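Quick note on our numbering: the sequence shown kicks off at 234 and runs consecutively.
All C-beta atoms in this analysis are idealised placements derived from N, C-alpha and C, irrespective of residue type, glycine included.
The structure displayed is predicted, hence computed values, not measured ones.
Before any comments, here is the structure.
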Amino acid sequence: MMRVAVLGSTGSIGVSTLDVLARHPERFEVTALAAATNDGRLLEQCLRHRPRVAVLQSPESACRLDAALRVAGSPVEVRCGAEALAACAAGADVDAVMAAIVGAAGLPSTLAAARAGKRVLLANKESLVLAGPLLIESARAGGATLIPIDSEHNAIFQCLPAGLETGRPARGVRRILLTASGGPFLRTPLERMVGVTPEEACAHPRWSMGRKISVDSATLMNKGLELIEACLLFGMEPDRIEVVVHPQSIVHSLVEYVDGSILAQLGNPDMRTPIAHALGWPERIASGVQSLDLAAAARLDFEAPDLARFPALRLARSVAEAGGTAPAVLNAANEVAVAGFLGGRLGFLGIPRLIEAVLARHDNGSADGLAAVLEADRWARELAEAMLAETAVART
Ligand code: NAD
Ligand code: MG
Numbered sequence: 234m235m236r237v238a239v240l241g242s243t244g245s246i247g248v249s250t251l252d253v254l255a256r257h258p259e260r261f262e263v264t265a266l267a268a269a270t271n272d273g274r275l276l277e278q279c280l281r282h283r284p285r286v287a288v289l290q291s292p293e294s295a296c297r298l299d300a301a302l303r304v305a306g307s308p309v310e311v312r313c314g315a316e317a318l319a320a321c322a323a324g325a326d327v328d329a330v331m332a333a334i335v336g337a338a339g340l341p342s343t344l345a346a347a348r349a350g351k352r353v354l355l356a357n358k359e360s361l362v363l364a365g366p367l368l369i370e371s372a373r374a375g376g377a378t379l380i381p382i383d384s385e386h387n388a389i390f391q392c393l394p395a396g397l398e399t400g401r402p403a404r405g406v407r408r409i410l411l412t413a414s415g416g417p418f419l420r421t422p423l424e425r426m427v428g429v430t431p432e433e434a435c436a437h438p439r440w441s442m443g444r445k446i447s448v449d450s451a452t453l454m455n456k457g458l459e460l461i462e463a464c465l466l467f468g469m470e471p472d473r474i475e476v477v478v479h480p481q482s483i484v485h486s487l488v489e490y491v492d493g494s495i496l497a498q499l500g501n502p503d504m505r506t507p508i509a510h511a512l513g514w515p516e517r518i519a520s521g522v523q524s525l526d527l528a529a530a531a532r533l534d535f536e537a538p539d540l541a542r543f544p545a546l547r548l549a550r551s552v553a554e555a556g557g558t559a560p561a562v563l564n565a566a567n568e569v570a571v572a573g574f575l576g577g578r579l580g581f582l583g584i585p586r587l588i589e590a591v592l593a594r595h596d597n598g599s600a601d602g603l604a605a606v607l608e609a610d611r612w613a614r615e616l617a618e619a620m621l622a623e624t625a626v627a628r629t
């Protein structure tokens with residue numbers, strides 16, 4: 234029996250994870266669920282999946298959850314706060330941790346799971362972008378196994394030889410081809426992109442996801458973060474990772490070997506496939522995802538990304554090359570910019586502009602220690618917030 238903690242259980246990845254887990258009651262036991270504030274959904278999940286503990290970040294939500302569970306006669310223990318979350322990720326009664334919290338907020342619990350030697354199912358790409366070398370080193374020291382959940386990285390993991398150590402390159406690989414759907418504005422002219430709304434940005438043509446990653450997909454910053462993520466996970470230089478737009482989202486990424494062979498992983502765009510792969514690995518387990526009908530799909534198109542309309546990708550590539558604390562700064566400025574856009578304080582094209590302005594003021598440094606990356610994260614957030622408050626940037 235594998236005992237699983239699902240962190241970010243009320244979100245898009247969390248819900249898909251619980252769907253896969255519930256298909257295999259003989260194989261998995263849900264021991265912990267964690268979310269930020271959504272006590273209503275967490276209550277339903279607690280009653281259905283019967284974890285030992287449930288963690289929320291807001292004290293009011295935790296009180297409400299506790300009261301509702303007591304009324305329902307449920308024995309689930311309710312805890313609150315970031316320390317409880319990290320303790321739950323490292324708990325002795327947990328074998329695998331689904332790290333599916335959105336943003337840098339997911340770093341402490343992901344690190345705790347890595348240090349404690351868990352199987353870490355890594356959806357929270359921001360923690361890797363923020364503190365990649367540290368997270369990988371912690372996993373190595375703790376004896377943890379990191380399995381990527383991001384569909385592209387999970388596809389690459391499946392196409393690489395078995396038995397690789399995280400962060401170490403595979404022999405015989407020439408390059409990685411990272412596919413991108415192109416998001417909702419793939420064909421939108423620049424003049425139209427100026428005024429797009431959060432609702433338009435969150436209406437992704439292929440994937441149903443949380444709002445932050447949906448906006449990242451619309452700016453292509455998601456692909457930028459994924460480029461950095463791929464460099465770290467697979468020990469590759471950025472110039473050996475090519476982004477290719479593939480609007481159908483059927484080929485989830487490809488690995489090219491030195492003999493010219495290219496291996497790809499294909500499937501319907503449904504996150505339950507990478508989730509089931511990572512939960513069952515090295516075995517294969519059912520995910521509930523339908524078979525891919527290739528004849529119905531009919532076409533697989535590929536094209537180069539347009540860096541003029543999607544500057545976020547260019548910014549992320551330069552940051553991947555620079556390394557150090559630059560990725561932490563990019564990630565923090567992006568989180569502030571996306572929240573600004575979703576809150577109506579920043580135009581869509583202002584997102585990459587704000588990130589570029591913050592990066593221009595950053596003196597790059599070593600990202601070896603947690604203190605250095607957290608300081609870079611704090612500095613970038615403060616500067617981005619200050620710039621966001623200036624109407625000059627905010628009105629674009
Ligand atoms: P979401 O917004 O739907 O869910 C986020 C979850 O995190 C929620 O359960 C929320 O309560 C929780 N959370 C937020 N802040 C928290 C905090 N401070 N402490 C504890 N919990 C907190 O997001 P999502 O789409 O499920 O994405 C989650 C992560 O997975 C992101 O890092 C995203 O980039 C990555 N990812 C998502 C997809 C997808 O298809 N949704 C695909 C690839 C990668
Ligand atoms: Mg992805």
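Looking at Pro-366: is its Cβ nearer than 8 Å to the Cβ of Asp-596?
The residue labelled residue 366 in the question sits at position 133 within the sequence shown. The residue labelled residue 596 in the question sits at position 363 within the sequence shown. Taking 8 Å as the Cβ cut-off, Pro-366 and Asp-596 do not qualify as a contacting pair.
So, for Ala-565: in the same chain, excluding its five sequence neighbours on each side, which residues have a beta-carbon less than 6 Å away from its beta-carbon?
The residue given as residue 565 occupies position 332 in the sequence shown. Correct list, in chain order: Asp-610, Ala-613, Arg-614.
Close beta carbons around Gln-523, own chain, < 7 Å, minus the five adjacent residues each side:
By one-based count along the sequence shown, residue 523 stands at place 290. Around Gln-523: Asn-501.
Tell me whether Pro-422 is buried or exposed, calling it buried when 16 or more other Cβ atoms sit within 10 Å of its Cβ.
If you number the sequence shown from 1, residue 422 lands on position 189. Classification of Pro-422: exposed, given that the 10 Å Cβ count is below 16.
Which one of Ser-494, Ala-528, Ala-413 has the shortest CA to CA distance from Pro-535?
Against the sequence shown, residue 535 aligns to sequence position 302. Note that residue 535 is Phe in the sequence shown here, rather than Pro. Nearest option by C-alpha distance: Ala-413.
Let's test the definition: count the other Cβ atoms within 10 Å of the Cβ of Ala-622 and tell me whether it reaches 16, buried, or not, exposed.
Taking the sequence shown and counting its residues from 1, one reaches residue 622 at position 389. Exposed, by the Cβ-count rule.
Could you check if Met-234 is buried or exposed, using at least 16 other CB atoms within 10 Å of its CB as the buried criterion?
As a working mapping, residue 234 is identified with position 1 in the sequence shown. Exposed.
Suppose only complete runs of 4+ residues qualify. What are the alpha helix (DSSP H) ranges in the region 256-321, listed by chain order?
272-282, 292-304
Extent of the continuous beta strand (DSSP E) run through Gln-498
Position 265 of the sequence shown, counted from the first residue, corresponds to residue 498. From DSSP, the beta strand (DSSP E) with Gln-498 extends over 495-499.
Assigned exposure category for Asp-472 - 16 Cβ within 10 Å defines buried
For the purposes of this step, residue 472 is taken as residue 239 along the sequence shown, with counting starting at 1. By the neighbour-count rule (16 or more Cβ atoms within 10 Å), Asp-472 is not buried but exposed.
For Ala-377, does the three-state DSSP call read helix, strand or coil?
Taking the first residue of the sequence shown as 1, we reach residue 377 at position 144. Correct three-state label for Ala-377: coil.
Does the beta-carbon distance from Gly-415 to Leu-465 come in below 8 Å?
Sequence index remark: in the sequence shown, residue 415 carries index 182 (1-based). Sequence index remark: in the sequence shown, residue 465 carries index 232 (1-based). Contact flag unset, no.
Measuring from each Cβ to the nearest heavy atom of ligand 2, keep the ones under 6 Å and list them in chain order.
Asp-383, Ser-384, Glu-385, Glu-459
Pairs of beta-carbons, one from the region 433-452 and one from the region 491-500, closer than 8 Å: are there three or more?
Segments in contact, no.
Express the C-alpha separation of Lys-351 and Asn-455 in angstroms, rounding to a whole number.
Here residue 455 is taken as the residue at index 222 of the sequence shown, counted from 1. Here residue 351 is taken as the residue at index 118 of the sequence shown, counted from 1. Each residue's alpha carbon lies about 26 Å from the other.
Alpha carbon to alpha carbon, how far is Gly-521 from Gly-576? Give it in angstroms, no decimals.
Your numbering for residue 576 matches position 343 in the sequence shown. Your numbering for residue 521 matches position 288 in the sequence shown. Taking the Cα positions, Gly-576 is about 35 Å away from Gly-521.
Is the closest heavy atom of ligand 1 to the C-beta of Arg-444 under 7 Å?
Locating residue 444 in the sequence shown gives position 211, counting from the first residue. Checking every heavy atom of ligand 1 against the Cβ of Arg-444, one is found closer than 7 Å.
Quick check on Ala-329 - is its C-beta less than 8 Å from some C-beta in chain E?
Included in the structure is just one protein chain, with no chain E present.
Where the alpha helix (DSSP H) containing Ala-337 begins and where it ends:
Here residue 337 corresponds to residue number 104 of the sequence shown, with the count starting at 1. Element bounds for Ala-337: n/a, residue is neither H nor E.
Residue burial classification, Glu-359 (beta-carbon count within 10 angstroms, cutoff 16):
The residue you call residue 359 lines up with position 126 of the sequence shown. Result: buried.
With H, G and I counted as helix, E and B as strand and the rest as coil, what does DSSP make of Leu-453?
For this step, residue 453 is matched to residue 220 along the sequence shown. Leu-453: coil per DSSP, three-state reduction.
Exposed unless 16 or more other CB atoms sit within 10 angstroms - verdict on Asp-299
On the sequence shown, position 66 is the one that residue 299 refers to. Asp-299 comes out buried.
What residue range is occupied by the uninterrupted beta strand (DSSP E) comprising Ile-409?
In the sequence shown, residue 409 corresponds to position 176, counting from 1. First-last of the beta strand (DSSP E) with Ile-409: 406-413.
Any heavy atom of ligand 1 closer than 7 Å to the beta-carbon of Met-331?
In the sequence shown, counting from the first residue as 1, residue 331 sits at position 98. No; taking the cut-off as 7 Å, the Cβ of Met-331 has no heavy atom of ligand 1 nearer than that.
Are the beta-carbon atoms of Ala-268 and Leu-302 separated by less than 8 Å?
Your numbering for residue 268 matches position 35 in the sequence shown. Your numbering for residue 302 matches position 69 in the sequence shown. The Cβ atoms of Ala-268 and Leu-302 lie no closer than 8 Å to each other.
Given Phe-467 as reference, the closest of Val-488, Ala-451, Gly-457 once Cα atoms are compared
In the sequence shown, counting from the first residue as 1, residue 467 sits at position 234. Cα-wise, what sits closest to Phe-467 is Val-488.
Nearest-angstrom Cα separation, counted from Ile-495 out to Val-239:
Within the sequence shown, residue 239 is the residue found at index 6, counting from 1. Within the sequence shown, residue 495 is the residue found at index 262, counting from 1. One C-alpha to the other measures close to 34 Å.
Could you check what DSSP says for Ile-588 in three-state terms: helix, strand or coil?
Reading the sequence shown from its first residue, position 355 is the one you call residue 588. If DSSP states are grouped into helix, strand and coil, Ile-588 belongs with the helices.
Beta-bridge partners of Ala-238, as assigned by DSSP
Counting from 1 along the sequence shown, the entry for residue 238 is found at position 5. DSSP lists Ala-265, Val-330 as partners of Ala-238.
Pop quiz: Tyr-305 and Leu-280 are said to be a contact at Cβ under 8 Å. What is the actual Cβ separation, rounded to whole angstroms?
As a working note, residue 305 is residue 72 in the sequence shown. As a working note, residue 280 is residue 47 in the sequence shown. The sequence as given places Ala at residue 305; Tyr does not occur at that position. Correct: roughly 6 Å between the Cβ atoms.
Which word fits Leu-546, buried or exposed, when buried means at least 16 other C-beta atoms lie within 10 angstroms of its C-beta?
Along the sequence shown, one-based indexing puts residue 546 at 313. By the neighbour-count definition (other C-beta atoms within 10 Å, threshold 16), Leu-546 is a buried residue.
When burial is assigned at 16 or more other CB atoms within 10 Å of the CB, is Pro-381 buried or exposed?
Walking along the sequence shown from the start, residue 381 turns up at place 148. It counts as buried.
N- and C-terminal bounds of the beta strand (DSSP E) containing His-485
As a working mapping, residue 485 is identified with position 252 in the sequence shown. In the DSSP assignment, His-485 falls within the beta strand (DSSP E) that extends over 484-490.
To the nearest angstrom, how far is it from the Cα of Val-626 to the Cα of Arg-594?
Residue 626 sits at position 393 when you count from the first residue of the sequence shown. Residue 594 sits at position 361 when you count from the first residue of the sequence shown. At Val-626 the pLDDT is 49, less than 50, meaning the model places this residue with poor confidence and gives no usable figure here.
CA-CA distance, His-257 and Arg-425?
As a position in the sequence shown, residue 257 is number 24, starting the count at 1. As a position in the sequence shown, residue 425 is number 192, starting the count at 1. Distance between the alpha carbons of His-257 and Arg-425: 47 Å.
For Thr-629, name the three-state secondary structure that DSSP assigns.
Within the sequence shown, the letter at position 396 stands for residue 629. A caution first: Thr-629 carries a pLDDT of 49, below 50, which makes its placement in the model too unreliable to give a value.
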